[in-house]
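**Q** By our numbering, the letter at position 35 of the sequence shown is numbered 1097, and the numbering carries on one by one without gaps.
All C-beta atoms, glycine included, are put in the ideal place defined by N, C-alpha and C.
Pasting in a structure now, in C-alpha cells, and then I'll have a few things to ask.
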Amino acid sequence: MELNKILILVFLIIFLFSFSVSLNKIKSYFDLFKAQIAPKESLDKEKIDIGELKKEISELKKEFEKIDSQDWKDLKSNLEDMEKIVKKLSEEVGFLSEKPEVKEEKIEEKVEKEWCEKIQDENPERDKIIFNEICWMGSENSPNDEWIEIKNISNNKVNLNDWQILNGDKEIKINLSGEILASNFLLFERTDNDSVKNVKADLIYTGALKNENEALYLFNENCQLQDEIKAFPNWPAGDNTTNRTMERKTDFSWQTSKVSGGTPKTENSTGYEMIKEKEVLLKIPQIEITEIMYNPEGNDEGREWIEIFNPGQDSGELSSLNFYENDTNHKLILIQGAEKFLPGEYIILSNNPEKFKNDFQNFAKTLLKSSFSLSNDGEKISIKYEDGILDEVEYNQFLGANGNGKSLQKISGVWKEGISSPAEENKEMEIHSPVTGAEESYLLPSFPQPPPSYQKILISEIQIWDTTSVNHDFIELYNPNLDEINISGFQLKKKTSTGKEYSIRVFPEGSVIPPQDYFLWANSQYTSSTNIQANVTSTQTLAKDNSIALLDLNKNFIDSLAWGSSTNPFLESSPFPQNPEKGRSLGRKWFTTIIDTDNNQEDFEIQNPTPKEKNG
C-alpha cells in the first residue's frame, strides 16, 4: 500500500477518537490498518514516517485508558500487535526518530491589480499631488535615463497607498505606496537607480516615455484624476538636444529647465530663456580662443592647455562660461585668480594645473581646470555662454605644433605654430639668420610664409545618389590655376537641411591638385563598387537639401554650394533651387572656361555625372 493511504488511515483514527466514536468503529479501523500493513513487502519503506505512527499509537493508548469495556484486553492485544509491526518496520527502514513537522503554507489566490482608466473630458484636481518635473528625453549619457518627479503641493502629508501613475498606452504602470510630506518631492527613475547621478530614487519603474504623442496620468486611490500631461504631438517643454528637462511652473504651465539635467528632488529653476547673440554680448565679454597646446613634446598626458582672451571693454563672470570639446561640455573650475574675466585679460584652461605650473613655474595669472583631452589629429573646441557660441576653433595637425614643443597661436586672425606663451600676447616667431656681408640681424617673417596669390579652388560637381545606391556620392574640386596647388589640411564640410554641420573630410598631407585638373572626394561605398578613382574617401554622405563648403588651413571659406531648400546653408548668393535626380549630378557650367560668378543658382546646372572630367 502507498504511504499516503497509511497516513490517511492514521489521521482518520485520530479524528474518530477525538469525537468519542464507538469501540466497534475503533476495532474496524484497526482491522483495516492491520490488513493494509501486513503485506509490508509492497511498502515504499524509505517514505514511511515511523515516528508519526508511534506517536499515534501512543495517543491510542491514552484513549484506551479511558475506556471501561469488556473488550479492553482484545484492544490492548491489538495495540501490542501494532507496536510490534511498527517496531519491525522501523528496524527495516533504518530510523526511529520523528521527522520534523512541516508547516503547511497558506496559499492565497493571486488577484491581478486593477488599473485606473482615464475618463474622457475628466479634469484633473491638482489640489494635493502634481507632476512637477519630467525628464522625457533622457540624459547626456543615455536616452534611457528617464525619470518622473511628483510634488505634494498641499499643507499636509498625503497617503499614497494605491495611487497610480500610467502613461498613454499603459507601458508604464506605477502603483504607489507610503506617504509624502507637505512640499516634498518623490523621484521615480526608469529601470535602475543610475538615471540621476548622486540622487537616490524613491522608486524604480519600467517602461519608456515616447518623445511625441504621449501622455501621463496620476490617479488617487479611488481612480480620480489628480494630474495629467498631454504630449500631442510634442511635450509642452524640455529639450531633446540639450537634455533640459520639463519643469512645472506655479501656474501649472510648463517650462524648459535652465540647465541640462534639470533639478531632481529640488525646487525648479527659473527656466531657460533663448538668449540672442546681441543679448549675450551685453551680458558677458567678447571672448576669443587665442592659443592651443594640443600635442606637447614628449608625453602629453596632463600637459595640454588652451588660452582664452577678453578683447572687449566689459568684464564677465567666469561661472557663466562653458568649454566644449566637440559636443562635450567640460566643467570649468577656478584654481587661481579672480572670478571676473577682465578686459584685456588672458586666462588658461588646463587639464592638469599641477603639471601646467610645473612646465611654467612663474605662471601667476588666472588658471582654470577642465577635464578635456585634445586630439592630436584635430577637433572642434568652443567657448559658450548657455547655448550661445562666443568663439569656436576647429584645428588640425596640418596647422603645425604637432609634438614639436610649439603651440598653435592666433596672430592677426591667422592660426600658425609658435613658441608657447601662455597668458601672454602672441607674437610672430623671430627667425635668427646670418646676413651675408653684414652683422647678424633678426628677421621677422610671417610663419609659415603666405602662399602666392592664386585663383580659388572651385567646387565643380557633386552627386548625391545614383540609380544603384543613395550612398554613391562624390564632390569634385577643380584647380583653374597654371600651377599645382597643395591642399593638405584643407577640408570639406556639409550642412544638413536643418542646418546641422558635419566634417566630410580633412585632406591628408600630400594632397595636391595638378594645374587645371581635378581632385575627387567620394563616399567609400561608391569607390568600392565602381571604377571611380577618388583621391580621398570617408563614410559621410550627401542628401537632398544639403550644402557643402571648402575651407583652407586657416578655416577660411574658399567655395561653397547649396541645393534645394535648407536652413542657414553654406552658399554663394543663392542656392541652386532643385535637387538632382537619381543618376544625375549638379555641375558647374563651362563656357570656354569654367564659370564662377559667386552665385550657385547661376553657376550650376543639372547634368550627367562626369567625375574627374570636364562638365557638360
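Report all residues from its chain with a CB closer than 8 Å to the CB of S1628; omit the five preceding and five following residues, and keep chain order.
**A** Cβ within range, chain order: K1557, T1558, S1559, T1560, G1561, D1607, N1608, S1609 and P1637.
**Q** When you compare each of S1432, G1364, L1429 and P1373 to L1404 by their alpha carbons, which one comes out closest?
**A** L1404 has its Cα closest to that of P1373, out of S1432, G1364, L1429 and P1373.
**Q** Could you check if E1335 is buried or exposed, using at least 16 other CB atoms within 10 Å of its CB as the buried criterion?
**A** Classification of E1335: exposed, given that the 10 Å Cβ count is below 16.
**Q** Span of the alpha helix (DSSP H) holding N1543?
**A** Where N1543 is concerned, there is no enclosing alpha helix (DSSP H), given that its DSSP letter is neither H nor E.
**Q** Since N1533 and I1575 should fall inside the 8 Å C-beta cutoff, what is the C-beta to C-beta distance between them, to a whole number of angstroms?
**A** Not quite, the Cβ-Cβ distance comes to about 25 Å (not below 8 Å), so this is no contact.
**Q** Name the two residues that bound the continuous alpha helix (DSSP H) containing N1420.
**A** Where N1420 is concerned, the enclosing alpha helix (DSSP H) stretches over P1415 to D1421.
**Q** Enumerate, from N- to C-terminal direction, the unbroken alpha helix (DSSP H) stretches of 4 or more residues contained entirely within the region 1573-1646.
**A** Listed in chain order, they are 1586-1591.
**Q** In chain order, what residues of the same chain lie with their CB nearer than 6 Å to the CB of A1293, ignoring the 5 residues before and after it?
**A** So the list reads E1276, once near-sequence residues are dropped.
**Q** What's the C-alpha gap between W1316 and Y1580?
**A** Roughly 55 Å separates the two Cα atoms.
**Q** Just confirm the distance between the C-beta atoms of L1280 and I1181, as a whole number of angstroms; I'd bet it's less than 8 Å.
**A** So it is not a contact: roughly 14 Å between Cβ atoms.
**Q** Under the DSSP definition of a beta bridge, which residues are partnered with L1248?
**A** Paired residues: I1212.
**Q** Could you tell me whether the region 1388-1396 touches the region 1416-1432, using the rule of 3 or more Cβ pairs below 8 Å?
**A** Taking 8 Å as the limit for Cβ pairs, the verdict is that the region 1416-1432 does touch the region 1388-1396.
**Q** Enumerate in chain order the residues of its own chain whose CB-to-CB distance from E1571 is below 8 Å, with the five nearest sequence positions on each side excluded.
**A** These residues qualify, in order along the chain: F1460, S1550 and G1551.
**Q** For D1439, collect the residues of the same chain with a Cβ closer than 6 Å to its Cβ; drop the 5 residues on either side in sequence, then sort them by chain order.
**A** Q1459, listed in sequence order.
**Q** Could you check if G1360 is buried or exposed, using at least 16 other CB atoms within 10 Å of its CB as the buried criterion?
**A** G1360 is exposed by the Cβ-count criterion.
**Q** Specify the secondary structure class of D1660 as computed by DSSP and reduced to three states.
**A** Three-state DSSP puts D1660 in coil, outside helix and strand.
**Q** Take L1612 as the anchor and find which of G1269, Q1587 and L1554 has the nearest alpha-carbon.
**A** Out of G1269, Q1587 and L1554, L1554 has the C-alpha closest to the C-alpha of L1612.
**Q** Give me the residue from G1467, S1565, P1671 and E1208 with the minimum Cα distance to E1538.
**A** Closest by alpha carbon: P1671.
**Q** When DSSP labels each residue in this structure, what does S1382 get in the three-state scheme?
**A** DSSP places S1382 in helix when its eight states are reduced to three.
**Q** Per DSSP, F1552 forms a beta bridge with which residues?
**A** Note: F1552 sits in no beta bridge, so no partner.
**Q** Taking C-alpha atoms, which residue in D1528, I1519 and N1662 lies nearest to L1548?
**A** According to the sequence displayed, residue 1548 carries Asn and not Leu. The shortest C-alpha separation from N1548 is found at I1519.
**Q** Which residues bound the beta strand (DSSP E) around H1392?
**A** Looking at the DSSP string, the run of the beta strand (DSSP E) that includes H1392 is T1390 to H1392.
**Q** Would you tell me roughly how many angstroms separate the C-alpha atoms of E1274 and I1210, rounded to the nearest one?
**A** C-alpha separation (whole angstroms): 16 Å.
**Q** By the three-class DSSP mapping on this structure, what secondary structure does L1238 have?
**A** Here L1238 sits in coil by DSSP.
**Q** Express the C-alpha separation of L1380 and I1481 in angstroms, rounding to a whole number.
**A** When rounded, the distance between both Cα atoms is 27 Å.
**Q** If we ignore side chains and look at the alpha-carbon of each, how far apart do S1469 and E1487 end up?
**A** Roughly 13 Å separates the two Cα atoms.
**Q** Taking D1183 as the reference, give the member of E1664, I1368, L1287 and S1573 with the closest Cα.
**A** Among E1664, I1368, L1287 and S1573, the Cα nearest to that of D1183 is on L1287.
**Q** Thinking I1443 and Y1386 are a contact (beta carbons under 8 Å), I'd like their distance in whole angstroms, please.
**A** Contact flag correct, Cβ pair sits at about 7 Å.
**Q** In three-state terms, what does DSSP make of Q1226?
**A** Three-state DSSP puts Q1226 in a strand.
**Q** Determine the DSSP secondary structure at Q1182, reduced to helix, strand or coil.
**A** Coil.
**Q** Residues in its own chain within less than 6 Å of N1414 by CB, not counting five upstream and five downstream?
**A** Taken in chain order, the residues that qualify are G1364.
**Q** Going by beta carbon distance, what residues of the same chain come within less than 8 Å of T1325, once the five residues before and after it are set aside?
**A** Excluding residues within five positions, the ones whose Cβ falls inside 8 Å are E1195, T1307, E1309, S1319 and S1331.
**Q** Under the three-state reduction of DSSP, which class applies to K1338: helix, strand or coil?
**A** Residue placement at K1338 is flagged as unreliable, the pLDDT there being 41, under the threshold of 50; a coordinate-derived value is accordingly withheld.
**Q** Report the start-end ranges of each beta strand (DSSP E) in the region 1397-1469 that is 3 residues or longer and not cut off at the edges.
**A** Whole beta strand (DSSP E) segments, 3+ residues: 1408-1412, 1429-1431, 1442-1447 and 1450-1456.
**Q** L1278 bridges to which residues according to DSSP?
**A** According to DSSP, which records beta bridges pairwise, L1278 is partnered with N1229 and I1291.
**Q** So, helix, strand or coil for D1301, using DSSP?
**A** Strand.
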